[in-house]
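*Asks:* Dumping the structure here so I can ask a few things about it.
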Amino acid sequence: MAMAAAVAGCRTTRVDPAWNAGSWDLATLQPLRVVVVDTRPGARQALETAFVRELDDRGIRAETTFADPALSLDRIDADETAAARRMAEEGAGGVLLVRWLDEQLIRRLEGRRPPDIELKPYQFDPAVPVRSWTRYYDDSYAYAGEIQKVRTNRLVSLETTLYRLPEGTLLWRARTETFVPHGRTPPQRRELLVRGLVRALLKAEHAP
117 MAMAAAVAGC
127 RTTRVDPAWN
137 AGSWDLATLQ
147 PLRVVVVDTR
157 PGARQALETA
167 FVRELDDRGI
177 RAETTFADPA
187 LSLDRIDADE
197 TAAARRMAEE
207 GAGGVLLVRW
217 LDEQLIRRLE
227 GRRPPDIELK
237 PYQFDPAVPV
247 RSWTRYYDDS
257 YAYAGEIQKV
267 RTNRLVSLET
277 TLYRLPEGTL
287 LWRARTETFV
297 PHGRTPPQRR
307 ELLVRGLVRA
317 LLKAEHAP
């Protein structure tokens with residue numbers, strides 16, 4: 117929870133590097149194939165496309181894999197060696213494997229408490245007969261307030277591994293946690309995730 121609060125406070129991507137070979141260059145891994153491990157309908161295609169676009173914008177030639185039946189997640193799980201060999205035979209110099217780990221919803225209430233009405237009965241006086249409901253409750257009063265709004269922020273965790281092909285050597289592995297503020301559309305959420313991860317990847321390149 118403390119880590120979530122820290123990420124939420126700075127509204128950025130937190131990187132937890134687990135491994136870095138420290139001697140790799142993205143230029144030698146082009147074209148870089150991108151594989152997103154996410155079984156949600158359409159999620160793999162959308163994320164791979166976003167990663168390729170971001171990498172291309174930064175001068176790194178990259179390609180998606182979602183459209184290749186031989187590189188379906190089931191086929192890759194069944195024979196990782198064959199999948200790596202196929203990508204290498206097609207000219208890929210490396211593969212970026214992105215695995216969706218977790219998505220936490222962080223809900224915040226904003227505004228005052230909801231409107232509330234409290235009735236205070238009129239003081240009964242036997243000498244003054246009460247002739248109506250309105251008169252009896254004419255001393256009622258209301259506490260006005262704004263209705264609370266729920267803002268749902270997201271904390272998304274991804275695990276990313278970078279391999280050199282054809283040998284399949286692990287070059288880099290990291291876990292990223294990205295804070296996605298309330299109100300972002302699905303494309304905007306993907307943009308935040310992708311930019312944070314690619315920025316971490318570029319920072320790790322040539323790292324000692």
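With the working numbering applied, the sequence shown closes on residue 324, and no number is skipped along the way. For glycine and all other residues, C-beta sits at the position ideal for the given N, C-alpha and C.
Over the uninterrupted beta strand (DSSP E) stretch that includes A134, give me the two end residues.
*Replies:* First-last of the beta strand (DSSP E) with A134: 129-136.
*Asks:* Just to confirm, are L317 and G210 a CB contact at a threshold of 8 Å?
*Replies:* No, the pair does not count as a contact, with Cβ atoms beyond the cut-off.
*Asks:* Ends of the alpha helix (DSSP H) at F167?
*Replies:* Where F167 is concerned, the enclosing alpha helix (DSSP H) stretches over 159-173.
*Asks:* Does A143 pass the burial test, meaning 16 or more other C-beta atoms within 10 Å, or should it be called exposed?
*Replies:* Exposed.
*Asks:* Are the CB atoms of P133 and A320 nearer to each other than 8 Å?
*Replies:* Yes, they are a contact pair.
*Asks:* Tell me the residue span of the alpha helix (DSSP H) that contains R305.
*Replies:* Note, R305: alpha helix (DSSP H), 302-320.
*Asks:* Is the CB-CB distance between T155 and T165 below 8 Å?
*Replies:* Going by C-beta atoms, T155 is not nearer than 8 Å to T165.
*Asks:* Look at the Cβ atom of R169, then the Cβ atom of T292, and state whether they are nearer than 8 Å.
*Replies:* No, Cβ-Cβ distance for R169 and T292 is not below 8 Å.
*Asks:* Is A323 helix, strand or coil by DSSP?
*Replies:* A323 falls in the coil class under three-state DSSP.
*Asks:* Should W135 be labelled buried (16 or more other beta-carbon atoms within 10 Å of its own) or exposed?
*Replies:* Exposed, by the Cβ-count rule.
*Asks:* State the Cα-Cα distance for the pair P157 and F182, rounded to the nearest angstrom.
*Replies:* When rounded, the distance between both Cα atoms is 12 Å.
*Asks:* Measuring only the C-alpha atoms, how far is E219 from L274?
*Replies:* Those two C-alpha atoms are separated by around 9 Å.
*Asks:* Considering only their Cβ atoms, is the gap separating R224 from R267 smaller than 8 Å?
*Replies:* Yes, these two residues count as a Cβ contact at 8 Å.
*Asks:* What are the boundary residues of the beta strand (DSSP E) that includes E205?
*Replies:* Careful: E205 lies outside any beta strand (DSSP E), inside the alpha helix (DSSP H) at 196-205.
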